[in-house]
Amino acid sequence: MHRKTTLANGLRVVTDSIKGTEAVTALVLVRAGSRWEHREINGISHFLEHMFFKGAKKYKDAKSVSEAIDGVGGDFNAFTSKEYAGYFVKVASKHMKLALDVISDMLLHSRFDQEEIEKERGVILEEFNMYQDTPMYQVAWNFERAVFGNQPIGWDEVGTKDVIRALQREDFVKYKESLYTPGNMVVSLAGAVDHDEVVEMVQKYFPMESAEPTRTMLPFEAGLSTMEKVTLQSKKTEQTHLVCGVPGLPEEHEDHYVLKVLSSILGGNMSSRMFLAVREAKGLAYYISCGTEDYLDTGVFYTRAGVDINRPTDAVKAIIEEYAKIAAEPVPEAELKKAKEFLKGKLVLSLEDSEHVAQMHAQSELLYDKLRTLADISKAIDEVTVEDVQRIAQTLLKPELLHLALIGPYEDKGEF
55 MHRKTTLANG
65 LRVVTDSIKG
75 TEAVTALVLV
85 RAGSRWEHRE
95 INGISHFLEH
105 MFFKGAKKYK
115 DAKSVSEAID
125 GVGGDFNAFT
135 SKEYAGYFVK
145 VASKHMKLAL
155 DVISDMLLHS
165 RFDQEEIEKE
175 RGVILEEFNM
185 YQDTPMYQVA
195 WNFERAVFGN
205 QPIGWDEVGT
215 KDVIRALQRE
225 DFVKYKESLY
235 TPGNMVVSLA
245 GAVDHDEVVE
255 MVQKYFPMES
265 AEPTRTMLPF
275 EAGLSTMEKV
285 TLQSKKTEQT
295 HLVCGVPGLP
305 EEHEDHYVLK
315 VLSSILGGNM
325 SSRMFLAVRE
335 AKGLAYYISC
345 GTEDYLDTGV
355 FYTRAGVDIN
365 RPTDAVKAII
375 EEYAKIAAEP
385 VPEAELKKAK
395 EFLKGKLVLS
405 LEDSEHVAQM
415 HAQSELLYDK
425 LRTLADISKA
435 IDEVTVEDVQ
445 RIAQTLLKPE
455 LLHLALIGPY
465 EDKGEF
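This note's numbering numbers the first residue of the sequence shown as 55 and each following residue consecutively.
In structure tokens, the structure reads:
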């Protein structure tokens, strides 16, 4: 059962007590993703995430943080997306105070030593290089850049090498002060927790003064797409990595779960249409799947695949044929039911993990000011009809809306 309390300073505390576990995940989520950046600091949200681990008041360096959590067999990590950044520790419930102590020390008292900034700069540049050398990741960023164009939602979270090399201590201090405020954060704990006990702990470990964020997210602007329907990054690879898709829907759109069901039918699992048609029947791909990215005010729907370098056009053609088919022909009731049960079943399994539960509640509360239950989501999935699926397919999967991003050993994108 989940509960929520808003402290006097505006900090929201969300908990979910999960039966049958002795573990707890403590997560702090902040509205401070790359959509709050401008070009001169593109990448600072992600760089800042790294810097929080590099020394604060009590845990004075990365080694101290690691030893504290490793010493109780816990896990810890952080992540940055386009719309938020998150910091979590997962431990046995008897070490819950330690988890909050570590996270609060990092977020409230980080020093941002220039020497540590210089060292971490090299780490992040190598992370940038890693993504460049991992085309199945990079091609997804290329796709969103093509769909959204030159605006924050179209930029990579990791930033550019020029910005990574240029950021200085004062940049981190100003950025943190502008967004890491109580009303812009959610503390979410899930697992073996008692809500009232957690609220007391959060009040102790996060004694922050009330403040409003001074930086605003730049809203999505339609019409800034690159206008180029095909984006090719020439690179010597043994496999062509591609993403073929269209602009999608915001998270809160009334057809959000219709699109989720459509995505499941087309490419949600190994019995989906794309997997059976493109991989099993034609042998064109090793991996292939469909998915969505759902943002505050926009989104994307895509098919991603790793395909034979000698037959990329055959693979693209096969993907587009499946798009056309699901728009032209009503989905059989049995296939619709299977897709719904798949989505609901995966959701149930995910809710056995305290980390997933903590993030689901934190994200929903932080971005949309509400908490979703399993029953709410299941009901929305169950309400999707055959007509809904065909309608959204006909609306979104139009040839003129398609974008294709590829990474492979080609020089001329005209052949695609």
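Don't be surprised by glycine CBs; every beta carbon is placed ideally from N, CA and C.
| Query | Result |
| --- | --- |
| Same chain, Cβ closer than 6 Å to His149, five either side skipped, listed in chain order | Val126 |
| Bridge partners - Ile342, DSSP secondary structure assignment | Ala359 |
| Status (buried if at least 16 other CB within 10 Å, exposed otherwise) for Lys230 | buried |
| Boundaries of the beta strand (DSSP E) in which Asn131 is found, first to last residue | 129 to 134 |
| Inter-residue spacing [alpha-carbon to alpha-carbon] between Thr291 and Pro463 | 6 Å |
| One or two residues paired with Ala77 in a DSSP bridge | Ala146 |
| Proximity below 8 Å, CB of Leu397 to CB of Ile363 | no |
| One or two residues paired with Ser242 in a DSSP bridge | Val68, Leu81 |
| Alpha carbon of Phe274 to alpha carbon of Val300, nearest angstrom | 15 Å |
| Closest Cα partner of Val67 within the set Trp209, Asp129, Lys258 | Lys258 |
| Cβ-based neighbour list, Pro267, same chain, cut-off 8 Å, excluding 5 preceding and 5 following | Arg85, Ser232, Leu233, Thr235, Gly237, Asn238 |
| Cβ neighbours of Phe166 in the same chain (closer than 7 Å, five flanking residues each side left out) | Met105, Arg223, Phe226, Val227 |
| Spatial neighbours of Val193 in its chain, beta-carbon cut-off 6 Å, leaving aside the 5 residues before and after | His295, Val297, Ala459, Ile461 |
| Residue interval of the alpha helix (DSSP H) (run including Val253) | 249 to 259 |
| Per DSSP, cross-strand counterpart(s) of Gly299 | Tyr356, His457 |
| Local conformation of Thr285 per DSSP, three classes | strand |
| Thr79 beta carbon less than 8 Å from that of Ala412 | yes |
| Inter-residue CB distance, Tyr138 and Leu83 (contact presumed, cutoff 8 Å) | 5 Å |
| Pairwise C-alpha distance: Tyr340 and Lys433 | 34 Å |
| Spatially closest choice to Glu169 from Lys452, Gly109, His307, by CA coordinates | Gly109 |
| Buried or exposed by the 16-neighbour rule on C-beta atoms within 10 Å, applied to Asn183 | exposed |
| Where the beta strand (DSSP E) containing Arg57 begins and where it ends | 56 to 60 |
| Bridge-paired residues (DSSP) for Gly277 | Per DSSP, none; premise fails for Gly277. |
| Tyr141 - partner residues in DSSP beta bridges | Val82, Ala132 |
| The stretch 308 to 316 in contact with the stretch 336 to 355 per 3-pair CB rule at 8 Å | yes |
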